[in-house]
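Report on the structure given below.
Chains as they are written, first to last, in this note's numbering: chain A, 31 to 270; chain B, 136 to 411.
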C-alpha cells in the first residue's frame, strides 16, 4: 500500500513537471506605446507584442495580467504573477527586490515637458509618475516633486498649473506632446537607466534564463530592432 | 460616435456596472449575516462568545476601511495558498523566502493555468468577504442596538407565558427589532453603495476604474484619440450612483411603512390613528 502511494505521488510530481508552464505577465496598460488597453479592452502595445514573441521562442504559455503601477512589484514578489513587462527600467534600487533579464530596450532618454519655454526646471515644481526612475532623479535635484499614479495625471497637473513641468520617459511623452497644441519639450534630455528589462522573482532563475535566451536570439536576428522601429519610429534607439 | 461608444472596452465598462450590482447583491445579505452573528454573539450568555463579538465589532469598526481592504484579501489569499501548499507541495520548503512568498505551482489559487475569468471571480470573492467582514461589524452594532430597543416588558411577558429564551428571541425579539434596525441598516446600505469604488484597490475592475481608463487622454497610439474626457465619464458614474441611492431611498420608505404597522413606536402609533 505504501509503495503504491509513493508511486502515485512520484507519478503526480513528474506529471506536474511535464505540464506546459503557464507564465503570467503583468503590465500596467496605461503607458502607450509600451503598453495600453486597446479598443477591444485587451492589453496591447510594444511589450505585449514582444512578450508574446518571447514566449513563443522560449516555449512558454503566457497570459497577460493588468496591474496598477503602484503595486506591480509587491504583487510579483507575492507570486500573483511571474513576470513584469511594464516599461520598467533596470536600476540598483529595484535590483534589491527583484531580478531583471537583460534589457530588451536600450537606455532611453527622459525629457521635461512644460507649457512654457521659460519653465523653471531647477527649483520649480516638477510632476512625475510615482515610483519611476524619473521620480528618483527629480528627488535628487533642487526641484519640488509632485507624484501622480499614472502618466495621464502627470500631464493634467501641468495643464492646470499645479506643476511647472513634467518629467518622464521621452517615448511616452512624445505622442502626448505631438498630439497637443499646448505642451512642448523643454530643457535637456537626461539619461537615467540601464535600459528596460523583464522583472522576475529573484528565485526564479529558470524563467530569467529562458527569457534571456529568447531576448538574445531576437537581438541577434534583428527582429527586436524591427519591433522597436515599428512602435517607436525610425529615430528610436535600437540595439547595435 | 456610436462606433466609439460600442468599442470592446466600452462594453467592458458597461459590464462593470453589472459587477458592481452583483457585488452589492451578494455583499448585502452576507454582511447582514455577519452582523446578525455578531449581534447574537454580543448578547450571548457564554463569556467567550460575548468577548469574541465585542472584539469583532469594536476592532473592525476602529480600523480604517482601506487598511482592512488591503489586509483581509491579501491575508486570506496567502492563508489559503499556505494551507494548500502544506497539502500539495513539499512541506519542508518554506513559503517565505527572503521577501518572496512562493508556493509550488499546484498550490496556487487560482492555478496559473486557469482562465482569466477564474482569476477575476476569485478576486471578486475575496472582495465580497472583505466587504462583508467590515460592513458586518457595523451591522452587528446596529442590530445589537435594535435588539435592545425592543420593549423589555414584551420580552418579560413572553417569558411569563412560559417561552424558552430561544423562543422569546425567535418569536418576539427578532420580528420586532427590524423597525428599530431599519434606519441604521438603510444608512449602511448607502455607505456600501458609495464604498464599491474601493473594489479597484483590490484589483477588480469596477466602473470607476473604467471611467478613469476610458476618459483619460488618448494619444494617436489608440484608434480614437481624444483629450482628457474624464469629467464626462465621471458625470455618468455620478448619475448612476445618484440613481442607485435615490432608488434605495424609495424602497426603504416602503419597507419602513410596512414594518411600522402595528408597532408600539411613534410611526406605528401615527398609522393606527390615521386608519379609519
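Built from N, CA and C at the ideal position, the CB exists for glycine as well. On a predicted model such as this, the values are computed, not experimentally measured, just so you know.
For the 7 Å CB-CB criterion, residue 303 of chain B and residue 290 of chain B form a contact.
Buried is the label assigned to residue 58 of chain A, since at least 16 other Cβ atoms lie within 10 Å of its Cβ.
Nearest neighbour of residue 150 of chain A by Cα position, chosen from A:122, A:56, A:124, A:191, turns out to be A:191. For residue 91 of chain A, the uninterrupted beta strand (DSSP E) run begins and ends at 91 to 96, by DSSP.
In this structure residue 204 of chain B does not touch residue 342 of chain B by the C-beta definition: roughly 17 Å separates them, more than the 8 Å allowed. Exclusion of the five residues before and after residue 395 of chain B leaves 314, 402, 403, 406 as the residues of its chain whose Cβ lies within less than 7 Å of its Cβ.
With respect to the 7 Å criterion, residue 81 of chain A and residue 120 of chain A are not classified as neighbours on the basis of their beta carbons.
At a Cβ-Cβ threshold of 7 Å, residue 223 of chain A and residue 127 of chain A do not count as neighbours.
Put simply, the backbone Cα of residue 272 of chain B is about 10 Å away from that of residue 190 of chain B. Excluding sequence positions up to five before and after residue 168 of chain A, its CB lies within less than 7 Å of the CB of 156, 158, 175, 197, all in the same chain and listed in chain order. A direct Cα-Cα distance of roughly 40 Å separates residue 206 of chain A from residue 210 of chain B.
Of the residues assessed, residue 260 of chain A falls on the exposed side of the cut-off, its CB having fewer than 16 other CB atoms within 10 angstroms. Taking C-alpha positions only, residue 177 of chain B is separated from residue 410 of chain B by approximately 39 Å. Taking a cut-off of 8 Å on C-beta distances, the segment 93 to 102 of chain A does not touch the segment 132 to 152 of chain A, as fewer than three cross pairs fall below it.
Residue contact check for residue 141 of chain B against chain A: no CB pair falls below 7 Å. When rounded, the separation of the alpha-carbon atoms in residue 209 of chain A and residue 354 of chain B is 7 Å. Distance check between residue 214 of chain A and each of A:220, A:204, A:118 places A:204 closest, using alpha-carbon atoms only. Within the same chain, Cβ atoms closer than 7 Å to the Cβ of residue 400 of chain B are found at 314, the five residues on either side in sequence being excluded. About 5 Å separates the beta carbon of residue 185 of chain B from that of residue 179 of chain B, a gap short enough to meet the 8 Å contact definition.
A check of alpha carbon separations from residue 201 of chain A across A:138, A:101, A:178 identifies A:138 as the nearest. Given a length threshold of 3 residues, each whole run of the beta strand (DSSP E) inside the segment 186 to 237 of chain A is given here in chain order: 195 to 199, 214 to 221. With 16 or more other Cβ atoms inside 10 Å of its own Cβ, residue 234 of chain A counts as buried.
In the structure shown, residue 264 of chain A falls within a coil segment according to DSSP collapsed to helix, strand and coil.
Cβ atoms of residue 117 of chain A and residue 68 of chain A stay farther apart than 8 Å, at about 17 Å.
Here the alpha carbon of residue 228 of chain A sits roughly 58 Å from the alpha carbon of residue 282 of chain B. As summarised for the segment 239 to 305 of chain B, the continuous alpha helix (DSSP H) elements at least 4 residues long and confined to that stretch are 251 to 284, 287 to 295, 300 to 303, given in chain order. Neighbours of residue 354 of chain B across chain A, judged by C-beta separation under 7 Å: 62, 205, 206, 209.
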